[in-house]
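**Student:**
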Amino acid sequence: MRWTQTLIPSLRNIPKDAEAISHQLALRAGLIRQLSSGVYSYLPLGFRVLLKIVGIIREEMNRAGASEVLMPALHPAEIWKKSGRYETLGDDKIAFKNRAGHEFVLGPTHEEIVTELVGTNIKSFRDLPLNLYQIQTKFRDEARPRFGVIRTKEFIMKDAYSFDVDEKGLDVNYQKMSEAYHRIFTRCGLKFQVVNADTGMMGGRMSQEFMVICPYGEDRVASSEGGYLASRDIATRGNPHLKTPEPKISSPEIFDTPNLRTIEEISHRYKVQASHMIKTLIYMADGKPVAVLVTGDSEVNESKLRKLIGVKDLRQADGHEILEATGAPVGFAGPVCLKIPVYVDWDIVGIADAVTGANQKDKHFKGVTIGRDFTATATGDIRFVKDGDLAPDGKSKLALTTSMEIGHIFKLGTRYSESIGAHFLDEKGERKPAIMGCYGIGVNRILAAAIEQHHDLKGIKWPEAIAPFAVEIITVNHSDDKVRAAAEKIYEDFTKAGKDVLFDDRDERAGVKFNDADLVGIPTQLVIGERSLKEGKAEVKSRQTGETTLVDLHALVSSLS
RNA sequence: CGGGGUGUGGCCCAGUUGGUAAGGCGUCUGGUUUGGGACCAGAAGAUCGUGGGUUCGAGUCCCGCCACCCCGACCA
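To convert, note that position 414 of the first sequence is 399 in this note's numbering; the numbers rise steadily by one, no gaps.
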């Protein structure tokens, strides 16, 4: 491909608001172009990278025994309503009605559709196992698209769904897919780790995320020297068995905090450390109010809390419910004299003389100590882990790293096969729902992750397997007839040999071309200039190492294949 | 959905107390150049996010709306 015939924009224009390295480089190197918040076009260079990634994914899916299908992006809303997920999708879904009044969802994921599809096509256990995959655009009206291509409203996903007769079969498929994922990400040149994760709204029993460590990811992974590895969403910590220190203040003292509701406001105003404050949140557990206590610098993890209380239905109370339960408006709740169950994080046991709400408008207490001023209904690990927490093994410490999720695999079970209907007759003629698994890869995110992991100050250093081109030919002085003729000949030779080659045929100064080539990051740069041409040679430069070697013109194609 | 910010050629932006828009980058043309982001000359390109209001006159003042960015909330 010739540079001058490609939609490669001027690479010197650096757009603003490019925060993540991968975002900035993808814009500057002419891979993508932003159209709107979280909506991007892929320009020729970027699209070629996606195609390379897709090629690798296809090969590995094939090896794992999955067959490719293509399901519609347009989903009739009735199908979604069967699984009960239509409502939980909330604002994320992009839904609309056509002129005939039929309601559609632009597919954010395909569990419902694939289950419908398979349900009408399988009858017997002999039809299973089945593993289907597709590579398709997904649509989600993300509230907050971030970091360029890392989180967008429209993105390309490889999604696969397995159907088995029993748990054993699911385990086999899950394992095959896990191995395929390892091979895909390795071939794409990524360093990654696999962590246990939350199943979230997908449901199911088990899931693992494939994470790439990079500074601009959205997720956090907790790990310890003892070998613990889990997503922050589900990471647990060891019980530090704190003892309550001797209080210095003999009983809680009330003080005025007019219009100060948040931990931050109070800690700032009265110079109290947030870790020395008790954050009291009111939740509704199976419809009844409960108080939840964590230190001021912690966040409640609702799924851990759900486990400690032992309920399924849990949500934060609204203003009215808080007023009813505590007698005070939002922002002034505290555990003292509260007549509802009090669930307490381990941290709270370790502080005396804490500051917390007084259950009166514009009032807080100081000098509150657990055991004396209030008692816990139950104590446990109910907050998100933090850097430096005790690991679950009780010995090492947890460290949090920022990561980007590039793949996620789930053991779903029968949630969708039951609600949507994908049943088969087993050997005894009994009707059973298929056991499902689902497996996703964010194709765009591989591109972003590869840039995050392979770049330097000058630009991208593509791993060979997913580079948009294998070789870039650069003429030092394009207006020199001999140089141009030699370059044209080489370009033709490479094209005939079926090599992916980009020919920078612009009549630009050498410096401009060198800098652009480094920015775009094609692994091998082939420099054609008068100097080496005199000796019948060309310079071959590696973007990765920066090393240059001289190669005879007639040996170029063979030496680079 | 809350809090903050910004909207002026493709990009970055200036624009005084109201008088219809400046500069840089990029683009195009011609010339000089050509081994790590050249120089000279010329040209094209803007209904100043949008709707209303005040005014003889609005990029500028007032009100509404919209879009985008950041921080939260949310998130297979």
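From the three backbone atoms N, C-alpha and C, an ideal C-beta is built for every residue, glycine too.
For a quick check, are the C-beta atoms of Leu278 and Thr265 less than 8 Å apart?
**Tutor:** Yes, they are a contact pair.
**Student:** Counting beta carbon pairs with one atom in the stretch 298 to 309 and one in the stretch 233 to 252, are three or more of them shorter than 8 Å?
**Tutor:** Contact fails: fewer than three Cβ-Cβ distances are below 8 Å.
**Student:** Check each candidate in Ile426, Gly316, Arg528, Lys498 and name the one with the smallest Cα separation from Asp303.
**Tutor:** Residue Gly316 is the option with its Cα nearest to Asp303.
**Student:** State yes or no: is the C-beta of Val456 within less than 8 Å of the C-beta of Ala14?
**Tutor:** No. Outside cutoff.
**Student:** Looking only at C-alpha atoms, which of Val157, Gln345, Leu293 sits nearest to Val327?
**Tutor:** Here the closest residue by C-alpha is Leu293.
**Student:** Please report the Cβ distance between Lys297 and Asp366, rounded to the nearest whole angstrom; I am assuming they are in contact, meaning their Cβ atoms lie under 8 Å.
**Tutor:** About 19 Å separates the two Cβ atoms, so there is no contact after all.
**Student:** For Pro418, list the residues DSSP reports as bridge partners.
**Tutor:** Note: Pro418 sits in a beta bridge opposite His408.
**Student:** Measuring only the C-alpha atoms, how far is Arg147 from Lys161?
**Tutor:** Arg is not the amino acid found at residue 147; the sequence shown has Ser there. Cα to Cα, the separation comes out at about 11 Å.
**Student:** For the stretch 104 to 121 and the stretch 49 to 68, state whether three or more C-beta atom pairs, one from each stretch, are separated by less than 8 Å.
**Tutor:** Yes: the two stretches touch, three or more of their Cβ pairs being nearer than 8 Å.
**Student:** Should Asn286 be labelled buried (16 or more other beta-carbon atoms within 10 Å of its own) or exposed?
**Tutor:** Classification of Asn286: buried, given that the 10 Å Cβ count is 16 or more.
**Student:** Quick one: what's got a C-beta closer than 6 Å to Gly31's C-beta in the same chain, skipping five residues either side?
**Tutor:** Within the same chain, Gly31 has close Cβ partners Leu16, Ile17.
**Student:** If contact is defined by three or more beta carbon pairs under 8 Å, each pair taking one atom from either stretch, is the stretch 34 to 44 in contact with the stretch 375 to 388?
**Tutor:** Flag = no, the stretch 375 to 388 and the stretch 34 to 44 do not touch.
**Student:** Report the three-state DSSP secondary structure of His349 (helix, strand or coil).
**Tutor:** His349: strand per DSSP, three-state reduction.
**Student:** Where does Ser517 fall in DSSP's three states?
**Tutor:** Helix, per DSSP.
**Student:** Do you know whose CA, among Ile248, Val257, Ile325, lies nearest Gly272's CA?
**Tutor:** Per the Cα distances, Ile325.
**Student:** Could you have a look at Gly425 and say whether DSSP puts it in helix, strand or coil?
**Tutor:** In this structure, Gly425 counts as strand in the three-state DSSP scheme.
**Student:** Per DSSP, which residues does Asn116 bridge with? Please list them.
**Tutor:** Paired residue(s): Ser147.
**Student:** Measuring straight from C-alpha to C-alpha, what distance separates Cys173 and Phe89?
**Tutor:** Straight-line Cα distance between these residues: approximately 36 Å.
**Student:** To which residues of the same chain is Thr399 closer than 8 Å at the C-beta, ignoring the five residues directly before and after it?
**Tutor:** Hits under 8 Å: Pro418, Ala419, Ile420, Met421.
**Student:** Counting C-beta neighbours from all protein chains within 10 Å, is the total for Thr460 16 or more, i.e. buried, or is it exposed?
**Tutor:** Its Cβ being crowded by 16 or more others within 10 Å, Thr460 is buried.
**Student:** Do you know how far the Cα of Phe454 is from the Cα of Ser7?
**Tutor:** For Ser7 and Phe454, the distance between alpha carbons rounds to 18 Å.
**Student:** Give a yes or no on whether the C-beta atoms belonging to Tyr25 and Phe132 are separated by under 8 Å.
**Tutor:** Cβ distance not < 8 Å, so Tyr25 and Phe132 don't count as in contact.
**Student:** Please confirm if the stretch 535 to 544 is in contact with the stretch 469 to 486, defined as three or more CB-CB distances below 8 Å between the two stretches.
**Tutor:** Short answer: they touch.
**Student:** Whether or not the stretch 126 to 143 and the stretch 202 to 210 are in contact is what I'm after, with contact meaning three or more pairs of Cβ atoms, one per stretch, closer than 8 Å; do they touch?
**Tutor:** Yes: the two stretches touch, three or more of their Cβ pairs being nearer than 8 Å.
**Student:** Report all residues from its chain with a CB closer than 6 Å to the CB of Arg(-13); omit the five preceding and five following residues, and keep chain order.
**Tutor:** Phe488, Asp490.
**Student:** What are the boundary residues of the alpha helix (DSSP H) that includes Gly58?
**Tutor:** A small correction: the amino acid at residue 58 is Ala; Gly does not occupy that position in the sequence shown. Counting along the chain, Ala58 falls outside any alpha helix (DSSP H), and DSSP gives it neither H nor E.
**Student:** Judging by CA-CA distance, which residue of Tyr159, Ile405, Ile426, Ser22 is the nearest neighbour of Arg70?
**Tutor:** Considering only alpha carbons, the answer is Ile405.
**Student:** Just to confirm, is the Cβ distance from Val468 to Glu515 under 8 Å?
**Tutor:** Going by C-beta atoms, Val468 is nearer than 8 Å to Glu515.
**Student:** Return the first residue and the last residue of the alpha helix (DSSP H) that Asp156 is part of.
**Tutor:** Element bounds for Asp156: 152 to 172.
**Student:** Looking at the strands, I want to know which residues DSSP matches up with Thr280.
**Tutor:** Paired residue(s): Ile263.
**Student:** For my contact list, Val536 and Lys522 are in at a C-beta cut-off of 8 Å; report their separation, rounded to the angstrom.
**Tutor:** That pair is a contact at about 6 Å.
**Student:** Check whether the stretch 213 to 221 and the stretch 177 to 185 are in contact - that is, three or more C-beta pairs closer than 8 Å.
**Tutor:** Yes: the two stretches touch, three or more of their Cβ pairs being nearer than 8 Å.
**Student:** Between which two residues does the beta strand (DSSP E) holding Val329 run?
**Tutor:** 327 to 330 is the extent of the beta strand (DSSP E) around Val329.
**Student:** So what's Glu72 in DSSP terms, helix, strand or just coil?
**Tutor:** Three-state result, Glu72: helix.
**Student:** What residues are listed by DSSP as bridge partners for Ala339?
**Tutor:** Answer by DSSP bridge pairing, in chain order: Val353.
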